[in-house]
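>
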Amino acid sequence: MDGIMSYEQKQLVTTHLSLVPRMVRALTRSFSHLSQDEFDELTQTGYLALCNAAMKCSPTQPFPPYARAAIRNAIYDYWRDCGKRKSAFCSLDAILTAEDGSTYEPEFMLCKTDALSPEQAVLSKESDSYLKRLECAGSNHLKKGIISLRLQQSGYTSAEVAKLYKVPSNHVRAWQSKARKQLREDQELYALLA
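According to full-length UniProt numbering, the stretch in the sequence shown is residues 1 to 194, in order.
1. Whose C-beta lies closer than 8 Å to the C-beta of L42 among residues of the same chain, with five residues either side of it excluded?
2. So what does DSSP say about F31, is it helix, strand or coil?
3. Cα separation between E8 and A49?
4. Who are the Cβ neighbours of P168 in its own chain at under 7 Å, not counting the five residues just before and after it?
5. So, A179 versus L142, is the Cβ gap smaller than 8 Å?
6. What residue range is occupied by the uninterrupted alpha helix (DSSP H) comprising L17?
7. Apart from the five residues just before and just after G145, which ones in its own chain have a Cβ nearer than 7 Å to its Cβ?
8. Measure the beta-carbon distance from A159 to H33 and round it to whole angstroms, keeping in mind my assumption that it falls under 8 Å.
9. So, are the CB atoms of L19 and P64 less than 8 Å apart?
10. Can you name, in chain order, every residue of its own chain whose Cβ lies under 6 Å from the Cβ of A70, other than the five neighbours on each side?
11. Measure the C-alpha to C-alpha separation of E119 and K84 and round it to an integer number of angstroms.
12. Using alpha carbons as the reference points, say which of S129, L134, K10 lies closest to E185.
13. Can you tell me the Cα-Cα spacing of K125 and K132, whole angstroms?
14. Are the CB atoms of Y66 and C57 nearer to each other than 8 Å?
15. Could you give the residue range of the alpha helix (DSSP H) that holds D40?
16. What does the alpha-carbon distance come out to for the pair T45 and S148?
This is the structure we're talking about:
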């Protein structure tokens, strides 16, 4: 924002504050996986646009249509900027992959296990192998739940796992819930992790 708002401009913003959440909801209606942080970020962008619109709007023009257009354009600009930033960065998977297609993951895992004590390393390997046996022996939902928990432990969100399986994210959370319940009741795993 450039400059200080006058009293009339502040009153204009105050009376039209409800435009921003309505515009954000209208523009994001088709996004089913919009997080609260993203909604808050878009709302903040909208409020800034509302203030700028109040400062730039001519007193002879009706304010609400002008403000709606300003809010919409600011949100579109925000999304364009996010797209540019996203394309400028690469994923961690790309960083961990060599030019020949092999991954550096075993080297990172080796460094990770070196930091563990010998007892912890053995228990970690045993619990990993036990979880893999559970994945194979359990039901389809248990298998998907354990795999999704392991992916989430690796840094994936439930929305990203849902995209991998091509299901809604609440299915993934249900699988994880069932897997957690099963794993809590498993005495052998409890003994390995204790």
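We put the CB at the ideal spot given by N, CA and C, even for glycine. Note that this is a predicted model, so its numbers are computed, not measured.
This is what the structure gives:
1. Around L42: V24, L27, T28, I75, Y78.
2. In the structure shown, F31 sits in coil (DSSP, three-state: anything other than H, G, I, E or B).
3. Each residue's Cα considered, the two are about 17 Å apart.
4. Cβ within range, chain order: A162.
5. Yes; because the gap between Cβ atoms is below 8 Å, this pair is in contact.
6. Per DSSP, L17 belongs to no alpha helix (DSSP H) and is neither H nor E.
7. Cβ within range, chain order: W175, Q176, K178, A179.
8. About 5 Å separates the two Cβ atoms, so the contact holds.
9. The answer is yes: Cβ separation under 8 Å.
10. Counting only residues of its own chain and dropping the five nearest sequence neighbours on each side, A70 has a CB closer than 6 Å to the CB of A49, A53.
11. If I take the Cα positions, the gap works out to 47 Å.
12. With distances taken between Cα atoms, E185 lies closest to L134.
13. In this structure, the straight-line span from the alpha carbon of K125 to that of K132 is close to 11 Å.
14. Using a Cβ distance threshold of 8 Å, Y66 and C57 count as a contacting pair.
15. Residues 36 to 56.
16. When rounded, the separation of the alpha-carbon atoms in T45 and S148 is 34 Å.
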